[in-house]
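Counting from 19, one number per residue, gives the positions in the sequence shown under my numbering. Built from N, CA and C at the ideal position, the CB exists for glycine as well. The block underneath contains the structure these notes are about, expressed in structure tokens.
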Amino acid sequence: MTIGIIGAMDDEVNLYLQELKNKQPANHAEFQFFSGQLNNKEVIIVKSGAGKVNAAACTQILIDKFKISQAIFTGVAGALNPELEIGDIVISKDSIQHDVDSTALGFEKGQILFSNLKIFKAEEKLADLAYKISTKLGLKTIKGRILTGDQFITDKEKSKSLFKEFQGECVDMESAALAHVCTLNKIPHLIIRSISDKADHSATIDFKEFCKKAAKNSFTIVKELVKNIVQEEKTQDLEYIKSKIRTIPNFPKQGIMFRDITTLFKDKEGLQKVIEVFYNRYKYKKIDVVAGIESRGFIIGGALAEKLGCGFVPIRKKGKLPAETISQTYDLEYGTDTVEIHKDSIKPESKVLLIDDLIATGGTALASTQLIEKLGGKIIEIGFIIDLPDLKGKEKITKWPVFTMVEFKGE
Ligand code: AMP
């Protein structure tokens, strides 16, 4: 899930570029795109240039070449609503191309010829979120309609008539074109505009200085927005993962609530999400080897190792590994057991990620860490899908960082 961020101003794009991690440039048409991570989210930053065609071309490239899942467009606009002042923010509820006129053929003003397209709706959730963030920053913010046309509006009468005819809060030369392309491709979008003039030439401002300030405001809003999107996506993914885990009471013994992840793994999206969550967490950790604990740790560990581009080492129950092993005995939630690892599986000093499906009492994981450390491996983290917090397993392995996705309380 990548967010396309189109900034209209150089100042703004520069702010993104300063904060973008693992920045990669790419040129398509006349545009320069930068991919990377902002607040841990994959984003593409680009400056579209002015006008509807530029905005449309740039948006289509973002969709086709960079596979964006949503688009955010920021820039400056002229106020149509007399209550808006320079520096105020307009968050798009929707947008219309005010210069589209096929009324001679019986279509409404703004309606795209031979179609029902006229009002391009922005993603409501994103708009609500951006509105909240912007007002929290102390910026006067309006959520409303943005008008777009390939005309720079400076005439007072024209401004008045646009406001009256379309109920647009502000006017620019790109927004509705981006919204149009996003609508055609079923990609959610949002537009954030800072008011730079009253669209009637009444205000005199230091435009360069203003742009710097506006760019900073938009950047702060978008950065915060991205952070919130990441948080929300994470919550949704984890809720999804948890919903796909089946509980089997009294298996394999009376009183045990067995958390069955086969229902999660047989679900394409569930399996993808689990691997994705782990992958995003470890992709920059330079892991040398993933060690997976028998048997469900093999499924996740194997897929994850392949994605991370590293090797996989199995930690198995006693007597299963064919070559020379070392072993460790431990207490389980239901009985005792012994785990083994091949003596030649982990090189000293290599960075090891230990993976299993579930932590209960923590006995299996602790025994596995002992095996890895005996071989000289450095444990970077221990990752599980499920935590059973009431069994306090995490307290047993405090020596290393532990990551769990979901928890089941009470048993
Ligand atoms: P423990 O050593 O107590 O942390 O147990 C963890 C190991 O036992 C993991 O490999 C789990 O797959 C398995 N396990 C323990 N308790 C459960 C449970 N309630 N449901 C599913 N698997 C469990």
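For residue j and residue i, believed in contact at Cβ under 8 Å, the rounded distance
i	j	result
I90	V240	6 Å
I397	G310	So it is not a contact: roughly 13 Å between Cβ atoms.
V308	C328	6 Å
A148	L56	Contact doesn't hold; Cβ gap of about 15 Å is too wide.
Q322	Y297	Position check: residue 322 holds Leu in this sequence, whereas Gln was assumed. Sure, about 6 Å apart at Cβ, within 8 Å.
F138	D112	6 Å
G96	D255	41 Å between Cβ atoms; not a contact.
Nearest candidate by alpha-carbon position, reference residue i, set the options
i	options	result
K417	S87, L393, H207, G380	G380
M191	T121, V94, K83, V248	V94
G315	E175, D285, T280, N72	T280
L144	Q88, C328, K41	Q88
M27	Y348, N268, F237, F402	F237
Q115	T354, D306, A197, G319	A197
Q129	V118, L123, I333	V118
Q346	L326, A385, V331	A385
D408	I274, I400, E287	I274
C200	K304, L135, K271	L135
N40	F52, K182, N32	F52
T77	I137, K204, F184	K204
L393	I359, K216, Q42, K335	I359
G54	D82, A73, I86, G67	I86
S110	R299, F283, P270, S193	S193
L282	T159, D146, A68, I317	I317
A140	I164, A233, F181, E37	I164
K176	I79, A217, I104	A217
A195	E183, S179, G167	G167
Q388	I377, Y348, K291, L157	Y348
T153	Q50, K178, V108	V108
R277	K158, V64, G22, F402	F402
Assigned exposure category for residue i - 16 Cβ within 10 Å defines buried
i	result
D106	buried
F155	According to the sequence provided, residue 155 is Leu. The question's Phe does not apply to it. Label assigned to L155: exposed.
A341	exposed
V71	exposed
G25	buried
T265	exposed
F225	exposed
F84	buried
A75	buried
E16	Here the chain covers residues 19 to 429 and nothing more, so residue 16 does not appear.
F170	exposed
E30	buried
N99	buried
D375	buried
K365	exposed
N268	exposed
N45	exposed
N58	exposed
A122	exposed
M19	exposed
A383	buried
A47	exposed
K427	exposed
S10	Past the edges of the chain, shown from 19 to 429, lies residue 10, and the structure says nothing about it.
S212	buried
S261	exposed
For residue i: DSSP bridge partner residues
i	result
H207	A89
D190	T166
L371	V308, E399
M275	P267
F84	Partner(s): none; F84 has no beta bridge.
E358	R334, S345
T159	I107
V64	I24, F51
G381	Answer is none; G381 lacks a bridge partner.
F138	S113
V424	I404
D119	The partner list for D119 (beta bridge, DSSP) is empty, contrary to what the question assumes.
H46	F49
Residue-chain proximity (residue i, chain C), Cβ-Cβ < 8 Å
i	result
M27	Absent from the structure: chain C. Only one protein chain is present.
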